[in-house]
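Colleague: Residue numbers (the working numbering), protein chains in the order written: chain A, 1 to 116; chain B, 1001 to 1113.
By construction, the Cβ of each residue, glycine as well, lies at the ideal position given by its N, Cα and C atoms.
Sharing a structure, written as structure tokens. Questions coming.
In structure tokens:
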């Protein structure tokens, strides 16, 4: 079946522009996660949704970052007034059950954001 | 706060050599532990996980890992690596019943044919 998909795969933005990154999780998956992966580092947690509820947004680096999952399926990560330090790969993952119970997270291919 | 430390940034082995990648975590409570692998040009995918029960867990492609609670470690092992094991390996931890997972910085494994 289809895995997690993300779009766009690559995004180049000028400093100060707003960007929106989309994640389509595996159908029926309850949990959805966003991560930021800088070059040479592991993924860093940004936020977690259980269905449409955003239960943990402790990893969002500033109030310029906003995520939503209004109908409990597709999610969008929005970054306002992008800065060069926002350049990274943004990964989305989904899991069938609730987070923290050992469920496997399935990752998408990521969106590589470059801010000039 | 939880943290994960992977001791080796880059490991180079010849085919048939044995592999052990170190992973230590810092967290005082009950955890779930994971090893993920990213092959060149592919997505991150789960290699194996520890949730509860037997601390020695077996994953895909002949990999295994042992959870040693007293040492806060979850080292990954494979007795005989293949060229196709060339990839980046990430250790991750998440507290039971929590959404946040913390990843290490990864270990790049290169296997020479």
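Give me the subset of the segment 37-59 of chain A whose CB atoms are less than 8 Å from a CB atom of chain B, sorted by chain position.
Modeller: 40, 41, 42, 43, 44, 45, 48, 50, 55, 56, 58 and 59
Colleague: Using Cβ-Cβ distances below 9 Å, what residues of the segment 80-101 of chain A are close to chain B?
Modeller: Taking 9 Å as the Cβ-Cβ cut-off against chain B, the residues of the segment 80-101 of chain A that qualify are 91, 93, 98, 99, 100 and 101.
Colleague: Would you kindly work out how many angstroms separate the C-alpha atoms of residue 32(A) and residue 24(A), rounded to a whole number?
Modeller: 10 Å
Colleague: Does the distance from the CB of residue 1002(B) to the CB of residue 1026(B) come in under 8 Å?
Modeller: With contacts defined by Cβ atoms closer than 8 Å, residue 1002(B) and residue 1026(B) form a contacting pair.
Colleague: Using a Cβ-Cβ cutoff of less than 7 Å, which residues in the same chain neighbour residue 1039(B) once the five nearest sequence positions on both sides are dropped?
Modeller: 1087
Colleague: If residue 21(A) sits next to residue 90(A), beta carbons under 8 Å apart, how far is it from one beta carbon to the other, in whole angstroms?
Modeller: 5 Å
Colleague: For residue 29(A), count neighbouring Cβ atoms within 10 angstroms of its own Cβ and tell me buried if that reaches 16, exposed if not.
Modeller: It counts as buried.
Colleague: Can you list, in chain order, the residues of its chain with a C-beta nearer than 8 Å to that of residue 1031(B)? Leave out the 5 residues immediately preceding and following it.
Modeller: Hits under 8 Å: 1002, 1025, 1093, 1094, 1095 and 1096.
Colleague: Closer than 9 Å, Cβ to Cβ, to anything on chain A: give me those residues from the segment 1043-1054 of chain B, in chain order.
Modeller: 1043, 1044, 1045, 1046, 1049, 1050, 1051 and 1052
Colleague: Do we get a CB-CB distance below 8 Å when we pair residue 1001(B) with the residues of chain A?
Modeller: no
Colleague: Taking all protein chains shown into account, do 16 or more other C-beta atoms lie within 10 angstroms of the C-beta of residue 34(A), making it buried, or fewer, making it exposed?
Modeller: buried
Colleague: Do you know offhand how far residue 1102(B)'s Cα is from residue 44(A)'s?
Modeller: If you draw a straight line from the Cα of residue 1102(B) to the Cα of residue 44(A), it comes to about 7 Å.
Colleague: Just confirm the distance between the C-beta atoms of residue 71(A) and residue 52(A), as a whole number of angstroms; I'd bet it's less than 8 Å.
Modeller: 6 Å
Colleague: Which of helix, strand or coil does DSSP assign to residue 56(A)?
Modeller: Look at residue 56(A) here: in three-state DSSP terms it is strand.
Colleague: Report the neighbours of residue 1103(B) on chain A: residues whose CB is nearer than 9 Å to its CB, in chain order.
Modeller: 35, 37, 41, 42, 43, 44 and 45
Colleague: Using a beta-carbon distance cut-off of less than 7 Å, what residues from the segment 1006-1028 of chain B approach chain A?
Modeller: none
Colleague: Taking residue 17(A) as the reference, give the member of 54(A), 100(A) and 79(A) with the closest Cα.
Modeller: 79(A)
Colleague: What residue from 99(A), 101(A) and 93(A) has the CA that sits closest to residue 4(A)'s CA?
Modeller: 93(A)
Colleague: Let me see if you follow: with CB-CB separation under 8 Å, is residue 1086(B) close to chain A or not?
Modeller: no
Colleague: So which residues on chain A does residue 1075(B) lean against when the C-beta distance must stay under 9 Å?
Modeller: Those within 9 Å of residue 1075(B) in chain A number zero; the least Cβ separation is about 17 Å.
Colleague: First and last residue of the beta strand (DSSP E) that includes residue 1002(B)?
Modeller: Run containing residue 1002(B): none; DSSP gives neither H nor E here.
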